[in-house]
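Chains as they are written, first to last, in our numbering: chain A, 2 to 434; chain B, 2 to 434.
Backbone N, C-alpha and C fix where the C-beta goes; we use that ideal spot for every residue, glycine too.
Since this is a predicted model, take the numbers as computed values, not measurements.
Below is one structure, written out as structure tokens, with a few remarks after it.
Number of protein chains: 2
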Amino acid sequence: MINIGIMGLGTVGTGVVELLEKNQHVISQRLGEAINVKKILVRDLSKKRTPCAEGKLTLRAEDILEDEEINIVVELMGGEEPAKSYIKKALQNKKHVVTANKEVISKHGKELFELAEKSGVSLLFEASVGGGIPIIRPMKQCLAANRILKISGILNGTTNYILTQMEEKGRNFEEALREAQRLGYAESDPSDDIKGFDAARKLAILSSIAFNTRITPDKVYVEGIERIEPEDIKYAGELGYSIKLVASARKVGEREIEVIVAPVMLKQSHPLSAVRDVYNAILVEGDAVGKVMFFGQGAGKMPTASAVVADIMDAARQGMRRRIYCTCYDELKVIDVGSSTSRFYIRLKAKDRPGVLSKISGAFGENDISLNMVIQKDVKGNVAEIVMVTHQVPFRNLQKALDEIKDLQDVENVANVIRVEGATSDGIHGNHR
Amino acid sequence: MINIGIMGLGTVGTGVVELLEKNQHVISQRLGEAINVKKILVRDLSKKRTPCAEGKLTLRAEDILEDEEINIVVELMGGEEPAKSYIKKALQNKKHVVTANKEVISKHGKELFELAEKSGVSLLFEASVGGGIPIIRPMKQCLAANRILKISGILNGTTNYILTQMEEKGRNFEEALREAQRLGYAESDPSDDIKGFDAARKLAILSSIAFNTRITPDKVYVEGIERIEPEDIKYAGELGYSIKLVASARKVGEREIEVIVAPVMLKQSHPLSAVRDVYNAILVEGDAVGKVMFFGQGAGKMPTASAVVADIMDAARQGMRRRIYCTCYDELKVIDVGSSTSRFYIRLKAKDRPGVLSKISGAFGENDISLNMVIQKDVKGNVAEIVMVTHQVPFRNLQKALDEIKDLQDVENVANVIRVEGATSDGIHGNHR
């Protein structure tokens with residue numbers, strides 16, 4: 002029998018305790034041994050809990066961290082502290098640690114993996130990215146023979162739900178956000194999700210594994226979805242694109258990588274564009290395997306518990322002669338986002354007056370930006386909405402051109418700028434009016 | 002340094018040798034040790050080979066099987082014999098075995114896994130299903146906390162290419178098959194693929210893992226795609242469906258499972274319906290994780306080599322205290338296909354004469370089959386083509402009704418019968434003429 006201690010009994014913790022109880026038969030058959038939840042750390046003993054937790058609650062972390070019978074500590078408290086200190090203590094005490102904590106792993110992975118290696122125990126974190134979707138272990142093991150060229154994913158269910166609602170129901174951002182909050186898909190303070198920080202942490206974890214180099218969240222260039230307006234969704238649709246919050250990392254040179262979370266217009270034939278609602282998907286491109294995609298529920302009580310319990314079973318199997326510790330043996334440079342090239346969609350408002358378009362085009366031309374398409378959309382009063390799509394350009398050049406364009410007398414504002422996936426397609430033709 | 006011996010230097014064998022050479026740096030960094038191909042078994046020493054194989058070829062299996070320095074034997078010959086005997090010998094000699102041989106694993110898995118367990122070595126076979134797509138290890142490890150409810154997949158690239166061509170290019174079956182052969186996607190004798198036997202072997206392997214019960218290929222009910230005609234593709238499209246060769250296994254009772262390979266009409270919103278050309282995908286439904294999907298190239302030199310080398314790396318890590326051996330601890334009954342229920346599409350030809358439809362409907366009614374939809378399609382001469390879709394019925398009842406219908410005087414033939422996925426939808430309305 003394997004004794005485990007669980008720290009934190011929120012949504013995921015409750016799911017883990019319930020899943021271990023419900024599927025105890027298959028779990029012990031597959032593992033060859035039973036798993037016993039010995040203690041559970043909570044902050045409040047009086048709160049109503051799942052019946053599976055009865056008689057196991059404690060308020061003292063030491064009851065788990067110092068218990069010699071507990072082999073595996075499962076950290077499900079979330080947040081940086083005290084979670085990180087507890088994980089450290091557990092590793093120091095030679096206990097395997099299973100965690101779903103993307104914040105701790107993405108920020109402090111290096112220190113913790115080194116500690117795990119020193120103590121000869123496992124630190125497993127499958128549930129920290131993509132909820133129940135198997136992605137960490139497949140990347141570390143099943144794709145280990147590949148040089149990874151690119152990973153791109155929809156890693157945040159909240160923002161994907163909002164964008165799906167905007168696209169399919171014609172809702173605006175605020176309405177879609179309120180709907181997501183009503184359904185429990187978004188927190189009351191949703192900024193971590195909608196500003197892209199949650200996706201950035203997950204991308205930091207995935208790209209550290211993919212490129213064998215430590216990427217912390219502060220190295221990730223992040224744009225959120227809060228500025229996406231119904232007009233952008235509409236024009237994207239007319240051009241055959243869906244807007245998704247895409248987290249992507251790719252090799253751009255032998256020693257350099259690009260790591261970006263930002264809204265991207267994806268061709269409707271792109272595998273990630275079909276990912277709806279709160280689902281997540283991760284597309285991995287390896288030099289041998291080509292493209293493989295992993296798809297499923299990226300969050301939620303039982304999907305996340307599925308990943309946590311799988312890690313517990315793996316830790317219980319332990320004793321691998323060569324455990325997989327930190328795989329960041331390399332040190333690649335993250336390029337400045339200014340150097341990162343993309344196609345861009347630009348929507349701006351300008352006076353509907355002769356010569357305006359030529360001034361705008363001039364600013365692009367001076368910054369070496371060639372345009373794939375210019376469409377004049379609605380004219381309201383004497384103000385026209387203009388949509389442009391560029392060929393591939395460095396972000397830096399685009400920013401410079403836009404600064405100049407904002408200063409033009411007849412330009413009211415630059416309403417939005419969104420990356421557009423893929424090489425310039427000949428198939429896109431503007432619908433000039 | 003880990004010494005390995007490779008048996009068979011065809012397409013996949015060549016890919017493995019080349020991948021080990023090309024990515025030797027990342028492989029040895031990630032593994033913590035280098036992999037050395039010591040010997041390669043071939044049938045012909047004079048054939049031109051990849052430069053990576055130089056100086057390593059042998060005609061004698063014993064050179065690998067009896068070499069005490071070789072820890073891992075990689076069997077890539079394909080076919081039942083002598084592959085199976087070599088694998089047995091290697092396991093008896095306490096060497097880990099990595100294989101891509103779906104025939105040997107699906108038919109003789111039980112015997113071989115027992116032998117591996119007895120010898121305390123690993124028998125790994127990730128490449129036997131879905132080429133480079135990680136699916137065996139994710140099912141055995143990442144989803145191990147789940148009771149699997151259903152797996153369904155597109156497991157054969159050749160047939161999926163043919164069906165994609167028929168749907169998108171309007172080709173008939175023979176044209177699409179010739180195109181697949183021209184591109185090297187189909188063998189000169191394609192019957193193993195198009196009759197569904199290749200998919201059945203892969204499904205036998207996946208369902209053995211999913212349901213912890215030994216399923217051999219002879220337990221799988223198999224229909225191929227050779228009878229699909231352009232009319233079926235066309236009518237499916239009109240109803241909002243794509244036809245795919247789907248391999249599926251699901252629990253139908255506490256102790257019973259249904260295991261079927263057959264063409265199925267999938268709603269165009271179904272995740273598997275978007276899988277085009279030679280791509281494969283596997284959808285797994287677990288009680289905790291919900292639906293997860295794995296997608297990628299299901300065959301080919303380098304994708305398959307990617308999976309084989311990952312297994313080699315895993316075997317090299319070996320020494321897990323509790324290795325994962327055969328997980329078939331249960332013995333579930335495969336139900337007779339006659340008891341398996343589905344909706345069915347039926348296309349038949351009958352004289353365009355009063356009363357015909359009432360006789361046909363009568364035969365269905367007498368066998369407890371209710372129809373969701375009846376459409377009379379083209380009338381040529383005095384013969385009408387009639388398309389019907391049933392509600393959920395046991396296959397047995399359908400077969401009985403069709404036997405009676407075939408005997409009706411005015412019925413020329415039953416041109417095709419295809420399973421239709423999902424519960425009856427209210428959204429389907431016939432386009433009666």
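Within the DSSP secondary-structure output, B:G287 pairs in a beta bridge with B:I149 and B:G291. Here B:M2 is exposed: its Cβ has fewer than 16 other Cβ atoms, across all protein chains shown, within 10 Å. Under the DSSP assignment, A:Q377 falls in the beta strand (DSSP E) whose first and last residues are L372 to K381.
DSSP places B:D337 outside both helix and strand once states are collapsed to three, so it counts as coil. Secondary structure note for A:M167: it is in no beta strand (DSSP E), and the uninterrupted alpha helix (DSSP H) holding it is G158 to K170. With contacts defined as CB atoms closer than 9 Å, B:V98 and B:V74 qualify as a contacting pair. Chain-ordered, the chain A residues with CB closer than 7 Å to the CB of B:D315 read Q142. Distance from the Cα of A:L349 is smallest, within the candidate group A:D331, A:G238, A:M266 and A:E230, for A:E230. Cβ proximity to chain B below 7 Å picks out L20 from the region 6-22 of chain A. Taken through DSSP and simplified to helix, strand or coil, A:G110 comes out as helix. When DSSP reads this structure, B:Y330 sits in no beta bridge, so it has no partner. Taking C-beta atoms under 8 Å as the contact rule, A:V262 and A:E227 fail to qualify, at a distance of about 13 Å.
Minimum Cα-Cα distance from B:G132 among the listed residues B:V309, B:K381 and B:T342 corresponds to B:V309.
Shown here for A:Q298: same chain residues with a beta carbon closer than 6 Å to its own, the five before and five after excluded, namely G132, G133 and P304 in chain order. Cα atoms of B:P83 and B:V105: separation of roughly 10 Å, rounded to the nearest angstrom. The three-state secondary structure of B:S47, taken from DSSP, is coil. Interface flag for A:Y162 against chain B is unset, since no Cβ pair is found closer than 9 Å.
A Cβ-Cβ contact shorter than 9 Å links B:V421 with B:V390. Within chain A, the residues placing a beta-carbon under 7 Å from that of B:V310 are A146, ordered along the chain. Straight-line measurement puts the Cα of A:C143 at about 8 Å from the Cα of B:S307. Pairwise C-beta distances place the region 153-172 of chain B in contact with the region 199-206 of chain B, as three or more of them are shorter than 8 Å.
Here the region 32-48 of chain A makes contact with the region 2-19 of chain A; the two share three or more CB pairs at distances below 8 Å. For B:T159, there are no C-beta contacts with chain A under 7 Å, since the nearest C-beta of that chain is about 17 Å from it.
For A:I5, the enclosing beta strand (DSSP E) begins and ends at I3 to M8. Less than 9 Å separates the beta-carbon of B:K96 from that of B:V122. Following the DSSP letters along the chain, one finds A:I244 inside the beta strand (DSSP E) bounded by residues Y242 to K252. With respect to B:C327, B:E118 sits close: the two C-beta atoms are nearer than 9 Å.
Between B:R138 and chain A, the shortest Cβ-Cβ separation is below 9 Å.
The continuous beta strand (DSSP E) containing A:F345 extends over residues T342 to K352.
Leaving aside the five residues that flank B:R318 on each side, the residues in its chain whose CB is nearer than 8 Å to its CB run, in chain order, L32.
Non-local beta-carbon contacts of A:A402 in its own chain, meaning distances under 7 Å to residues more than five positions away in sequence, involve A364, F365, N368 and I370 in chain order. Secondary structure note for B:K90: its alpha helix (DSSP H) is the uninterrupted segment A84 to Q93. Setting aside the 5 residues that flank it on each side, B:T12 is surrounded in the same chain by K302, each with a C-beta closer than 7 Å to its C-beta; the list follows chain order.
With respect to A:D288, A:T214 sits apart: the two C-beta atoms are not nearer than 9 Å. The bridge partners DSSP lists for B:K96 come to none.
Bridge pairing for B:F296: A:M294 and B:A282 [DSSP].
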